Amino acid sequence: MASSTGHITDHFADVAIEQGDYLLGEILRALADDGRWHRAWTAALIGMAIQDTPDNQAALEAWIDRWLPQAWNAVSALASSFGQPADASKSRLKSASQEFLDALRLRTTVNAFEGGESR
Numbered sequence: 672m673a674s675s676t677g678h679i680t681d682h683f684a685d686v687a688i689e690q691g692d693y694l695l696g697e698i699l700r701a702l703a704d705d706g707r708w709h710r711a712w713t714a715a716l717i718g719m720a721i722q723d724t725p726d727n728q729a730a731l732e733a734w735i736d737r738w739l740p741q742a743w744n745a746v747s748a749l750a751s752s753f754g755q756p757a758d759a760s761k762s763r764l765k766s767a768s769q770e771f772l773d774a775l776r777l778r779t780t781v782n783a784f785e786g787g788e789s790r
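If you're matching positions, the sequence shown starts at 672 in the working numbering and goes up one per residue.
1) Taking C-beta to C-beta, are T780 and L772 nearer than 8 Å?
2) Nearest-angstrom Cα distance between L699 and R776?
3) Just the Cα atoms here: how many angstroms apart are H678 and A733?
4) Closest to K765 by C-alpha separation, out of G754, S752, A742 and S751, would be which residue?
5) Between T713 and the rest of its own chain, which residues show a CB-CB distance below 6 Å, the 5 nearest in sequence each way excluded?
6) With a threshold of 16 other CB atoms inside 10 Å of the CB of P725, please say whether the residue is buried or exposed.
7) Do A703 and G696 have their CB atoms nearer than 8 Å?
8) As an exercise, report each continuous alpha helix (DSSP H) stretch of at least 4 residues that is fully enclosed by the stretch 713-757, in chain order.
9) F683 and L749 - do their beta-carbons sit closer together than 8 Å?
10) Hey, how far is the Cα of Y693 from the Cα of S752?
So this is what it looks like as structure tokens:
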């Protein structure tokens, strides 16, 4: 059963369970729980950083432009290690990633979800 949280680790936990690896699925689900805490903490920190110094938004967006394409390539490789076509995982994970960035009110000038080329 697919999780509705949209967390990358939840997605791969679902895939592991669907492929009959219950133990790996449970390990990944525990990591996803930890990831939710990290995302909440990150959201609070980013909100505070931008509220304190609005110029921090540009610095954060530059950091996202630099690292999001590489993170996305890693997720694609992970999908293939689960025997999943990268495209099957990408659409679900792309919307979750974009939702998180939108919630943080951060934008990216690169199309990380298509290999990191500038838009």
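Just so it is clear, CB atoms sit at the ideal spot from N, CA and C, and this is done for glycine as well. Because the structure is a prediction, the values reported are computed rather than measured.
Looking at the atomic coordinates:
1) The sequence position of residue 780 within the sequence shown is 109, counting from 1. The sequence position of residue 772 within the sequence shown is 101, counting from 1. A distance of 8 Å or more separates the beta carbons of T780 and L772.
2) Counting from one through the sequence shown, the residue named residue 699 turns up at place 28. Counting from one through the sequence shown, the residue named residue 776 turns up at place 105. Rounded to the nearest angstrom, the gap between the Cα atoms of L699 and R776 is 28 Å.
3) The residue you call residue 678 lines up with position 7 of the sequence shown. The residue you call residue 733 lines up with position 62 of the sequence shown. Using only the alpha carbons, I get a separation of about 23 Å.
4) Numbered from 1 along the sequence shown, position 94 holds the residue referred to as residue 765. For the residues G754, S752, A742 and S751, the minimum Cα distance to K765 belongs to A742.
5) Here residue 713 refers to the residue found at position 42 when the sequence shown is read from its first residue. Scanning its chain for C-beta atoms nearer than 6 Å, with the 5 sequence neighbours on each side dropped, one finds no residue around T713.
6) Within the sequence shown, numbered from 1, the residue matching residue 725 stands at position 54. Residue burial annotation: P725 is exposed, with fewer than 16 other C-beta atoms found within 10 angstroms of its C-beta.
7) Here residue 703 is taken as the residue at index 32 of the sequence shown, counted from 1. Here residue 696 is taken as the residue at index 25 of the sequence shown, counted from 1. No, the pair does not count as a contact, with Cβ atoms beyond the cut-off.
8) Listed in chain order, they are 727-752.
9) For the purposes of this step, residue 749 is identified with residue 78 of the sequence shown, where counting begins at 1. For the purposes of this step, residue 683 is identified with residue 12 of the sequence shown, where counting begins at 1. Yes; because the gap between Cβ atoms is below 8 Å, this pair is in contact.
10) Looking up residue 693 in the sequence shown gives position 22. Looking up residue 752 in the sequence shown gives position 81. Near 17 Å, if we compare the C-alpha coordinates of S752 and Y693.
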